[in-house]
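Residue numbers (UniProt numbering), protein chains in the order written: chain A, 1 to 485; chain B, 1 to 485; chain C, 1 to 485; chain D, 1 to 485.
Structure, rendered in structure tokens:
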């Protein structure tokens with residue numbers, strides 16, 4: 001597994017990013033750039049499909065966008081003025097090339113390619129019914145359910161078939177689809193996962209985050225609305241809203257960790273939200289100390305906010321190696337315990353004898369927090385205070401985020417005092433859930449219909465969880481499944 | 001493309017070989033050996049599926065069996081006491097990993113794996129109907145049609161669904177299928193492609209040719225009959241014949257070229273049949289000469305037969321390089337014409353001033369025959385007489401053999417005199433169609449219901465050719481097809 | 001070429017790092033860890049040699065330590081209790097595996113392996129003489145000159161031969177050598193390149209920087225002195241000083257950019273020196289502004305120092321992608337100009353309408369400075385002031401640093417006003433040479449025998465430059481040289 | 001290890017083939033073709049060097065010529081009108097890329113590349129002396145000794161240095177050297193290994209065998225004489241003979257097995273010599289039998305000779321697989337004993353109940369002879385008579401042939417009766433040493449100065465064996481040797 005953030009072994013992971021463009025000669029090349037800018041949303045695999053007016057073309061690869069999709073020979077295999085792509089960190093479905101998106105099918109109406117960010121929470125129930133009626137699945141991805149629902153729908157037009165399919169699925173989905181007639185982008189009625197629209201010259205772009213628009217030089221137009229389908233056919237752009245309206249619940253963790261700091265969501269700079277959370281954290285949980293130290297790199301904006309609010313100097317107390325693009329598998333048993341230092345090393349001369357405040361964005365299992373605290377202790381810190389720029393993560397996510405099972409979440413096992421003991425810190429504090437909403441410009445979290453999906457902190461899931469209620473997903477999907485060696 | 005026979009650029013190609021075993025601990029390892037013995041039936045790709053009582057496992061690879069399936073790590077990924085495999089030279093369907101067999105599907109009844117030797121001649125018609133009803137194809141292989149027919153059949157039991165499917169397909173098929181309940185081997189009602197059954201201890205084996213039984217040390221039991229399904233469930237072996245009986249028409253070209261000389265078909269040694277054809281050729285087309293020279297290696301048995309019948313000495317007049325496992329792509333334009341000598345070289349000292357008879361098994365396009373004659377001429381042969389151990393190949397095959405389109409067949413363009421001119425020989429002669437049947441123990445070819453499928457020589461096809469009648473296969477299959485880079 | 005720092009296309013490059021250990025069972029594994037910690041000193045290739053008491057073993061590879069030397073199978077090929085390794089960014093010699101160090105030779109006295117950080121400035125002259133006397137070179141590396149001088153020395157003992165060799169070479173060298181009798185570490189009389197000694201249990205370690213000691217959990221003992229040879233034979237450690245004493249001149253650029261911020265050199269924390277340079281820069285070149293923005297990542301410590309000194313807030317105005325371990329080669333001409341944003345993107349919401357101060361450690365060609373300024377301008381910055389934490393780089397380095405030829409150095413072509421125009425900034429300023437010495441605790445730069453080698457800023461080279469005076473190195477080395485494809 | 005002849009596990013192996021050309025634009029492409037034709041002389045590695053008038057270029061690769069040297073990109077890296085190449089089966093020196101020839105060195109006189117067929121029998125003695133004087137070896141190949149002798153020679157001109165070097169070496173060598181002044185081909189005074197000269201238009205070619213001339217379309221001119229140096233400088237060809245004349249002793253095993261049957265040596269067709277040996281074998285050792293069966297492929301010419309002489313029919317009783325270019329490593333222990341059948345299979349229907357005569361060219365260890373006899377027995381042969389077309393192989397070769405140590409040679413352990421028992425045959429007979437000379441046109445083997453080197457049969461070595469007399473080569477060469485992983 002590839003990893004780049006030094007401490008990302010203990011992070012929740014966004015599973016996917018999507019990027020599509022319609023109306024430019026360099027469609028696939030532009031998608032490659034856009035996916036590269038979204039690489040933080042999924043590092044296991046990537047894929048691009050293009051449509052040249054006659055045929056669909058697809059290339060998929062395990063690994064990063066760079067090294068796979070920055071080669072002229074690959075891009076030349078993806079001709080056409082319409083293209084869409086996907087980066088993936090697997091949620092459901094084993095990691096195999098046939099699960100890498102965009103998924104493609106030859107329907108009676110012509111080719112159909114789909115890229116999906118999110119997770120269908122009743123996928124297993126739907127799959128079971130489809131297989132009984134004779135559908136044959138080629139992947140173990142929940143996304144393939146949508147394709148079969150489209151293929152077997154009794155409606156006439158492709159658009160009606162597609163809406164028929166979406167009405168049967170529950171959960172989170174931001175989708176970019178390609179058909180011979182055009183590109184369709186859509187977002188589930190709750191808008192759990194993000195999706196934005198941009199323009200570059202005459203071409204229309206859809207992307208998971210605004211940073212991907214920036215990187216390709218495109219202009220941000222607006223977010224795709226929750227429950228909206230945007231249909232692009234050449235120069236014609238139509239919008240339809242086939243679902244009953246509900247209050248949206250976008251994912252709050254996009255602000256905490258998933259999105260890049262240079263993205264804009266709902267008119268807010270992610271960077272400034274994170275600084276505001278840090279400042280709120282300093283107000284709620286002050287401490288007398290000599291240095292504010294970010295846990296690199298995701299804790300840095302909150303640490304700057306905390307330092308500016310508290311007046312305690314911001315310093316680089318942990319130096320991370322630039323060369324952790326690939327995990328270094330340490331050879332030989334004797335040296336295996338030295339591992340963590342390969343990624344980051346205490347700035348010993350700075351820390352010795354000082355009272356330090358470590359700022360991180362979240363704690364999942366707590367294992368790396370423990371290692372960081374011990375590293376600071378070993379480097380001679382006088383006191384170590386850990387401050388976390390989100391509330392305790394107590395619940396699993398079923399909407400396209402890779403969370404460990406609940407039993408492994410530190411905050412599900414311990415209260416704050418127990419967590420403090422576990423990580424060996426002198427003190428530990430989290431921003432409150434209301435504090436988090438404050439940093440987002442709200443007065444507090446609304447009891448009824450809160451503005452965001454914050455189920456990972458509160459357990460308040462905005463949809464039914466059909467597959468969870470019926471059985472364990474692992475058991476179901478592995479039943480009689482073929483393993484491809 | 002890999003090639004081993006020095007002159008095989010101008011041969012018809014058998015497209016597939018199949019091998020399956022039920023009831024042994026080393027099932028996948030045994031299949032690997034069996035496929036290696038059948039490698040001459042398909043060199044582009046190979047695959048093995050196994051079933052361990054719970055799960056199916058599959059490994060597929062482009063290239064030869066050796067180098068891909070002789071590795072312990074691969075075989076360990078294929079556990080179970082039941083396994084089946086396939087070697088492939090593509091007929092329909094582009095060459096991509098997803099077309100490599102065995103194909104697999106998760107049906108409502110459980111897993112289903114299938115390996116197919118032959119060609120479904122109404123596959124496109126059937127596919128079009130299936131797609132209209134919502135089936136999604138994952139390959140461009142005609143074999144996948146059978147799987148979807150099984151999946152969508154309205155019969156209750158898997159066996160009934162399977163028979164229902166086979167009743168809808170036309171053409172040639174020798175199949176080995178694996179289901180959680182057992183292995184099914186079957187052969188189309190005309191028995192166009194071969195399939196034999198053997199035993200090794202308690203285990204049952206199915207294979208395209210007896211040589212694969214020899215190589216794994218198994219005993220030959222009998223051929224699977226045309227129109228027969230043999231069902232193996234543990235120790236239980238059942239046979240059913242669900243089709244109306246018709247007179248069989250096995251492929252006569254298996255005797256001419258496809259099968260290995262050490263195989264036995266219908267109680268006849270392929271080697272002795274080829275010698276008999278050579279002897280018949282000497283009787284029908286004698287010539288005064290000094291040397292009989294086989295075109296290596298496929299012409300050798302017939303050349304020995306011709307030499308023994310005629311009394312003219314058999315000599316190695318063409319030396320083939322051992323190192324042509326991979327085509328040598330000659331670099332540089334200036335030397336490109338030297339190509340043919342890399343594979344085989346005239347034994348100059350032997351040939352100079354002599355009248356030579358070259359014996360080959362067949363002529364397809366005639367291009368390499370021309371090169372061989374010129375090589376002999378250049379080496380100083382006084383006279384060059386070409387004798388061919390089969391009748392002129394005038395028609396395409398639609399039953400699982402790779403034939404060039406008719407317009408490229410030398411015998412479809414010219415009569416024997418024109419062919420002689422084309423290849424620059426002093427004389428050229430073919431064994432007659434009746435002579436070929438004589439070498440097989442018949443008095444002559446029967447006008448009505450001849451004993452073999454000899455359509456490539458006679459144009460007398462034993463089935464309807466639905467897809468051929470409707471349109472060109474190329475056009476149909478490429479319509480809206482996705483290209484995987 | 002691999003690159004990690006987003007703007008490192010325009011940096012001087014340290015060419016090498018070395019690491020050796022004597023007296024532990026896991027010698028090669030420890031060297032792999034140490035080299036990983038020194039990866040910033042050379043990313044093109046790496047090598048490790050070990051000695052098991054009987055035989056020497058070597059593995060070399062192009063690319064990073066991770067991915068090449070973190071595999072158990074590789075480490076198992078490197079048995080023994082003594083090992084040394086090298087990371088390389090090529091200075092002299094083409095990039096080919098045979099140039100990757102450690103270099104090895106079978107001498108009459110036994111095996112001899114050598115890892116070299118630095119550059120021999122009379123290598124061509126010496127090589128020419130050696131070849132005339134019959135020596136055959138296997139690499140184009142300057143380091144091989146040392147081996148041939150040892151092999152052909154007329155002294156008796158290996159140590160005498162080695163000292164005889166070193167007395168003939170000019171330039172910079174920190175060396176780790178392995179012989180059957182023990183490990184020898186040494187540093188040239190001026191101590192231009194760094195080399196430190198540490199301890200881990202009973203074993204002795206030599207490394208280019210202290211960070212490598214930290215990472216393997218070793219204790220820092222002391223620097224190897226300029227002109228000192230340290231000889232380790234089992235438990236015995238001896239030190240000899242065979243050169244006439246001269247005032248040392250360690251490289252000042254190690255403080256500016258080469259060394260990792262968490263290393264300690266001559267009792268100074270690199271991080272704190274860089275902060276001090278930033279503070280000095282603020283004193284010398286103040287500016288009224290809203291934000292201090294580091295050019296990531298090498299400008300960050302100086303930016304913190306500048307911000308703390310000036311009271312202007314430190315903010316992340318440039319967001320760098322985590323996924324630039326490999327350069328993304330942008331496919332398609334149309335999108336090629338978008339390149340720079342893949343690596344780093346302006347934090348638009350933060351910058352718009354603000355007066356910003358960009359802090360970088362140095363300017364070499366000026367090309368990326370121009371891009372950064374333009375990116376800030378495009379993001380809406382009101383004013384852009386560039387401040388550089390080193391004096392203008394006006395001269396090439398001949399001591400093991402990859403510098404562009406003088407004509408390409410921006411500071412060799414323009415004065416500060418011209419440079420300001422070139423990069424399109426509103427203002428540009430450098431710390432003064434005396435200011436740099438001040439940050440290092442000196443009153444100012446001494447006219448006579450300054451404390452550091454600062455030739456890249458001043459042109460004051462501490463050695464003769466024999467090869468430079470005689471001819472161009474390119475011309476000499478390519479003469480009749482064999483190219484290995 | 002790659003193997004192609006089905007039974008070649010038990011053959012002596014020629015270690016090398018060489019091919020050089022001077023005076024054509026496509027020099028390297030032509031060398032690639034020539035080496036491909038000489039592939040049977042060495043399958044482990046290959047290399048080509050070219051000289052473009054300014055620089056030497058070299059590419060070396062493990063494995064076959066095809067797949068490595070048939071790529072345009074490789075050939076383009078080898079520009080120039082002069083080129084030489086080498087195929088190698090390692091004799092002395094481990095198998096590593098740096099041992100692959102041509103070897104190259106930068107001498108004071110310019111570049112020097114050398115390709116060597118043979119073995120220097122005093123290489124270790126010479127190497128020891130050279131290392132003592134300061135020479136550093138980069139390979140473990142005996143050939144490098146020649147280069148260092150040239151480099152350190154005190155003569156003035158390169159030609160004098162080269163002759164000085166050759167006068168110091170003992171053993172067998174056919175060499176092709178390239179210098180900036182021209183190409184030098186030479187053969188040791190005894191002419192142990194072959195070397196021929198040809199012409200293609202204006203260019204001059206040197207090759208190990210005439211078949212390589214045939215394949216590239218060149219005309220055979222003459223053999224390079226034993227003790228002759230041929231120097232090609234542009235259009236100028238000079239010949240010098242710097243050694244005292246001695247009676248030549250070319251290797252007799254070239255006729256028995258090494259050379260291709262379509263080569264010509266000393267005006268004799270190898271194919272016709274082998275047929276003559278087979279006929280002589282039939283005269284000396286007749287047997288009543290039904291079939292003559294060649295052990296494929298090397299036994300075939302002798303089998304044809306035996307069959308023609310005896311009147312017993314020649315038949316293909318052993319069918320070899322075309323797909324043994326790579327050894328098939330049989331997975332799983334249970335099936336490992338099935339191995340031999342993968343390569344060749346008894347033609348059961350032919351053999352059953354028959355008295356068969358197996359013809360092979362030689363027996364080395366006897367292990368595969370045993371397997372073949374058992375395969376025939378198992379296929380139902382009534383009697384099995386083995387006839388060998390060479391005398392018993394009783395002695396090792398030290399002139400560039402890979403022979404097992406004497407203790408493993410079947411003929412060194414047993415007399416013919418014991419050998420017959422060992423291989424389980426009904427009878428076994430060899431052609432006599434005088435019979436072998438007869439087939440070569442001599443009356444008998446001369447006691448004094450026999451016409452060929454036949455040491456492997458007689459133990460009569462034509463040179464002193466310095467290294468053998470002093471110690472074991474294994475011990476010497478591994479002393480302090482570096483292993484490259």
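Ideal placement from N, C-alpha and C gives every residue a C-beta, glycine not left out.
Model, not experiment: these values are computed from the prediction.
Classification of residue i by the beta-carbon crowding that lies within 10 angstroms, buried from 16 upward
i                      : result
residue 106 of chain D : buried
residue 13 of chain B  : buried
residue 333 of chain D : Interpretation of residue 333 of chain D is limited by its pLDDT of 48, a score under 50 that renders its predicted location unreliable; no figure is taken from the coordinates.
residue 330 of chain D : For residue 330 of chain D, the predicted structure reports a pLDDT of 49, less than 50, and the residue's modelled location is therefore unreliable. A value from the coordinates is still provided. That one is buried.
residue 233 of chain C : exposed
residue 312 of chain D : buried
residue 187 of chain A : buried
residue 73 of chain A  : exposed
Short Cβ contact (7 Å threshold) for residue i with residue j
i                      : j                      : result
residue 359 of chain C : residue 387 of chain C : yes
residue 467 of chain A : residue 122 of chain A : yes
Expected contact under 8 Å - CB spacing of residue i and residue j to nearest Å
i                     : j                     : result
residue 18 of chain B : residue 86 of chain B : 5 Å
The ligand ZN heavy atom lying under 6 Å from the CB of residue i
i                     : result
residue 98 of chain B : The ligand ZN is not part of the structure shown, which contains no ligands of any sort.
- prompt: Any chance the stretch 182-193 of chain D sits against the stretch 97-104 of chain D, with 3 or more Cβ pairs inside 8 Å?
  reply: no
Entirely enclosed alpha helix (DSSP H) segments - the stretch 390-457 of chain B, minimum 4 residues: 410-413, 416-423 and 433-439
- request: Starting from the N-terminal side, write out each stretch of the alpha helix (DSSP H) that is 4 residues or longer and does not extend beyond the stretch 44-104 of chain D.
  value: 72-76
Touching by the beta-carbon criterion (3+ pairs, under 8 Å), the stretch 277-297 of chain A and the stretch 340-357 of chain A: yes
message: Extract the residue ranges of the alpha helix (DSSP H) inside the stretch 117-151 of chain D, only unbroken runs of 4 or more that lie entirely within it.
response: 123-132
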